[in-house]
Amino acid sequence: MDGETSCTKHNSDDFDFTNSIFSWSIDDILDENLFKNKVEKIELSFESIDHYLGSFFNPLLEETRAQICSSMEILYKAPYAEVISPINNSVVKRLYKLEIKSWKSRFHHHGESYKASPDDILVLADYKPENVKELKRVGRMWSSVSVMLRLQMIDFEVLMNKTVFLVFLTNVSLNRRIWDAFRIPRNLKVIEQILCNRDKDDFSYQEILSELNESQNKAISACLSGLNCNHNSAVKLIWGPPGTGKTKTLATLLFVLLKMNYRVLVCAPTNVAIKELASRVVTLVKEANSKRYGDLFCPMGELLLFGSNERLKIGEDIRDIYWDYRVKQLKECFSSPTGFIPCLESMIYLLKNCALCWLQLEKEERERKTFLEFLRERVRSQALLLKDTSDAERLRSG
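Each residue of the sequence shown is one higher than the one before, starting from 1 at the first, in UniProt numbering.
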């Protein structure tokens, strides 16, 4: 790319970063307090992935501003080149192709010469500026540009009839890559695995265990310690007089084991006992799901309750985990003609043949509907059926 500066296609995230830089005036770049009220202390823990990634946007912009400001202070040392060809406007708005003479340096005449690289930030002016004051002088024309990016000034066309120069400031490729990294999809599992580490799990478990007393915590710790016995059987007894929190302790233990992906079979001598324990565990799961620490999320589908409905007298609080109720819901979900699969087939047919259906309906009905009205009505009707059946499917998948 020796001798010319060209433009290529970049994604919108690149332009977002560049727009942020080019929105600054010279005074903004020189202002050390530009982000004073925007750059906050970065915490050691975060509420979510969005909170974590969003905490670095303004610090990155401030670092970029300081980098450009530092380069402007040594303009007299910067490489420069004269633009020798007309400035051709490209098909893309505010993107230009500049043909230039060879790069020169006012202080370094030997060694490897400067070559333009992607994400270089340069000054385009009708003179060779020696310092920032010259850029701010009235009557001088200048603009900041980025190699393979776009121009800032809307009055840039005024420079087209003059002899103009390009002066290198700095390269922000590293800054842009960091910016792009902050805008990655938040739903990537690898991001959650890296950011939501075991320390956060421990912190969240402490939130739950903090509601127990010392003896209850010791009982849970003793039971969990038996999980690492190299396949050796272990028996633990949790005992105490009535009212000491044995059921609460056992429910918390089951919840922790559930989160650790252990499969546990729970038996009780009475229906009342198993019903009460199931209710406690379901309550813990619902509370964990409603709070922000997503590492404690447990799907309700992981719980299953067996027993006689006549004896258990299942209420709405534990109905979702009751075996008979799930069988009934899933039977309705996959039954014909109102089941999940027929609903999907009907929706697919509508999307493939909506135009033909509309034309046929238009011939039969006196009151005509626009194609958009027809499609909205049909899609809404199918969506309601899908929602009703997917509620039952959700119970199976959790």
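The beta-carbon is built from N, C-alpha and C at its ideal position, and this holds for glycine as well. Model, not experiment: these values are computed from the prediction.
Query                                                                                                                                                                                : Result
So which of F22, A66, S48 and H51 has the shortest CA-CA distance to K36?                                                                                                            : A66
Helix or strand or just coil, what does DSSP make of residue 399?                                                                                                                    : The chain is shown from 1 up to 398; residue 399 falls before or after that span and cannot be answered.
Could you tell me the distance, in whole angstroms, from the CA atom of V83 to the CA atom of Y114?                                                                                  : 15 Å
With DSSP as the reference, please indicate the residues paired to T170 in a beta bridge.                                                                                            : I121
Along the alpha helix (DSSP H) that carries Y76, what are the first and last residues, could you check?                                                                              : Run containing Y76: none; DSSP gives neither H nor E here.
Mind checking P242: buried by the 16 CB within 10 Å criterion, or exposed?                                                                                                           : exposed
Here's the rule: buried if 16 or more other CB atoms are within 10 angstroms of the residue's CB, otherwise exposed. What is Q216?                                                   : buried
Taking the alpha carbon of I348 as the reference point, which residue from E332, I21, L375 and P269 has its own alpha carbon closest?                                                : L375
Can you give, in chain order, each stretch of the alpha helix (DSSP H) that sits fully within the segment 213-279 and has at least 4 residues?                                       : 214-225 and 246-259
Using the rule of at least 16 other Cβ atoms within 10 Å of the residue's Cβ for burial, across every protein chain shown, is S381 buried or exposed?                                : exposed
Could you tell me if F306 is buried or exposed, where buried requires 16 or more neighbouring beta carbons within 10 angstroms of its beta carbon?                                   : exposed
With DSSP run on the structure shown, which of helix, strand or coil describes K328?                                                                                                 : helix
So, using beta-carbon positions, are V172 and F17 closer together than 9 Å?                                                                                                          : yes
Secondary structure at E373, three-state DSSP: helix, strand or coil?                                                                                                                : helix
Who are the Cβ neighbours of A355 in its own chain at under 8 Å, not counting the five residues just before and after it?                                                            : F371
To the nearest angstrom, report how far apart N19 and N175 are at their CA atoms.                                                                                                    : 14 Å
Run through DSSP, which three-state label would L351 get?                                                                                                                            : helix
Per DSSP, what kind of secondary structure is I321 in: helix, strand or coil?                                                                                                        : helix
Tell me F57's beta-bridge partners as DSSP assigns them.                                                                                                                             : In DSSP, F57 forms no bridge with anything.
Suppose the cutoff is 6 Å on Cβ atoms and the five residues either side in sequence are ignored; what does the same chain contact list for K38 look like?                            : N58
Give every residue of the same chain whose Cβ lies closer than 8 Å to the Cβ of L60, excluding the five residues on either side of it in the sequence, and list them in chain order. : N175, I178, W179 and F182
I need the boundaries of the alpha helix (DSSP H) containing I29, first residue and last residue.                                                                                    : I26 to L30
Taking the Cβ atom as the reference point for each residue, do I121 and L75 lie within a distance shorter than 9 Å?                                                                  : no
Cβ atoms of I220 and T270: under 9 Å apart, would you say?                                                                                                                           : no
Using only CA atoms, which one of E287, A278 and S290 lies nearest to residue 424?                                                                                                   : Nothing about residue 424 can be reported from this structure: the residues present for the chain run from 1 to 398 only.
So, for I208: in the same chain, excluding its five sequence neighbours on each side, which residues have a beta-carbon less than 8 Å away from its beta-carbon?                     : T252, F255, V256, L284, A288 and L296
Could you round the C-beta distance between I29 and I68 to whole angstroms and report it? I think they count as a contact, below 8 Å.                                                : 5 Å
Give me, in chain order, the residues of the same chain whose beta-carbon lies closer than 8 Å to that of L361; leave out the 5 immediate sequence neighbours on both sides.         : K369 and F374
Looking only at its own chain, which residues have a Cβ that is under 6 Å from the Cβ of W103, when we skip the five neighbours before and after it?                                 : P79, A81, S113 and Y114
Would you grab the beta carbon distance between L250 and I238 for me? Rounded to a whole angstrom, and I think it's under 8 Å.                                                       : 7 Å
Straight-line CA distance for E73 to K286?                                                                                                                                           : 59 Å
State the DSSP-derived secondary structure class of L304, mapped to helix, strand or coil.                                                                                           : coil
Can you round the beta-carbon distance between W312 and V281 to whole angstroms, since I take them to be within the 8 Å contact cut?                                                 : Note on identity: in this sequence residue 312 is Leu, with Trp being the wrong assignment. Actually they are not in contact, since the Cβ atoms of L312 and V281 sit about 15 Å apart, beyond 8 Å.
Leaving out the 5 sequence neighbours to the left and right, which residues in its chain are closer than 7 Å to G398 when beta-carbon positions are compared?                        : Its pLDDT being 48, under 50, G398 is placed unreliably by the model, and the measurement read from it follows with that caveat. For G398, where only same-chain residues beyond five positions count, the Cβ hits under 7 Å are P299, M300, G301 and E302.
Which residues bound the alpha helix (DSSP H) around S134?                                                                                                                           : According to the sequence displayed, residue 134 carries Glu and not Ser. Segment V132 to K136, the alpha helix (DSSP H) holding E134.
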